[in-house]
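Colleague: Numbers 1 to 155, taken from my numbering, label the letters of the sequence shown in order. Cβ coordinates follow ideal geometry from the N, Cα and C atoms, glycine included. Submitted below is the structure of interest, expressed as structure tokens.
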Amino acid sequence: MRRDHTLSMKTKNSVLIIGAGWGRTGTTSLKAALDELGYLCYHMSECIERDHSDFWNDLASGRVKDFDEIFNEDDIKFTATMDFPASLFWRELSQRYPDAKVILTIRDPESWYRSYESTILTVMPSSRLLPFAIKIGYLMCFPNQSFINMLRSVF
Numbered sequence: 001m002r003r004d005h006t007l008s009m010k011t012k013n014s015v016l017i018i019g020a021g022w023g024r025t026g027t028t029s030l031k032a033a034l035d036e037l038g039y040l041c042y043h044m045s046e047c048i049e050r051d052h053s054d055f056w057n058d059l060a061s062g063r064v065k066d067f068d069e070i071f072n073e074d075d076i077k078f079t080a081t082m083d084f085p086a087s088l089f090w091r092e093l094s095q096r097y098p099d100a101k102v103i104l105t106i107r108d109p110e111s112w113y114r115s116y117e118s119t120i121l122t123v124m125p126s127s128r129l130l131p132f133a134i135k136i137g138y139l140m141c142f143p144n145q146s147f148i149n150m151l152r153s154v155f
């Protein structure tokens, strides 16, 4: 059962939690937990449902955007973010919302890649987010075996 989304923390009209973890690292489970605790969490599912792909494509292209444009819409005020595409911009988000806490979710690189390959890669070619994914892929070393090796060296 979903609780009434009323937070008594600092403000309901500000992002208080920023997810820095990539998709397939438990972000959907963490989103569900945050929603249960009363946060309204922006996730890839909201990006798709609310058709925010143009916003993120612009941001990935270097055009400055105001995050409040998508996090403070007339019908909803998001107080947390998880997953792509917001997680790719966690630094910019933490500058915009300096009181927010940043949560990094991680996963074993090989397990992550298998999950990514069998889920996200199967739907990405038909998505309006494909131009965004291509830009980010080039910027972040699109996942392949060398990407897994890079992750191993980091973790």
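(1) With burial defined as no fewer than 16 other Cβ atoms inside 10 Å of the residue's Cβ, what is the status of residue 87: buried or exposed?
(2) Can you list, in chain order, the residues of its chain whose CB lies under 6 Å from that of residue 20, leaving out five sequence neighbours each side?
(3) What is the rounded straight-line gap between the Cα of residue 122 and the Cα of residue 93?
(4) Could you pull the DSSP bridge partners for residue 19 from this structure?
(5) On the DSSP bridge assignment, give the partners of residue 57 in chain order.
(6) So, with DSSP's three-state summary, where would you put residue 81?
(7) So, under 8 Å CB-CB, residue 82 and residue 41 are touching, yes? Tell me the CB distance rounded to an integer number of Å.
(8) In the DSSP output, what is residue 41 paired with across the bridge?
(9) Give the single residue among 62, 37, 36, 70 whose Cα lies nearest to the Cα of residue 44.
Modeller: In short:
(1) Locating residue 87 in the sequence shown gives position 87, counting from the first residue. Residue 87 comes out buried.
(2) Position 20 of the sequence shown, counting from 1, holds the residue named residue 20. The residues are 87, 90, 102, 104.
(3) As a working note, residue 122 is residue 122 in the sequence shown. As a working note, residue 93 is residue 93 in the sequence shown. Between residue 122 and residue 93, the C-alpha separation is close to 29 Å.
(4) Here the question's residue 19 lines up with position 19 in the sequence shown. Beta-bridge pairing links residue 19 to 103.
(5) What you label residue 57 is simply residue 57 of the sequence shown in a count that begins at 1. BP columns for residue 57 are empty, so no partner.
(6) The residue you call residue 81 lines up with position 81 of the sequence shown. Three-state result, residue 81: strand.
(7) Position 82 of the sequence shown holds residue 82. Position 41 of the sequence shown holds residue 41. Right, the Cβ-Cβ distance comes to about 6 Å (below 8 Å), so this counts as a contact.
(8) Working through the sequence shown from its first residue, we reach residue 41 at position 41. DSSP output for residue 41 lists 80 as bridge partner(s).
(9) The residue labelled residue 44 in the question sits at position 44 within the sequence shown. Answer by Cα proximity: 70.
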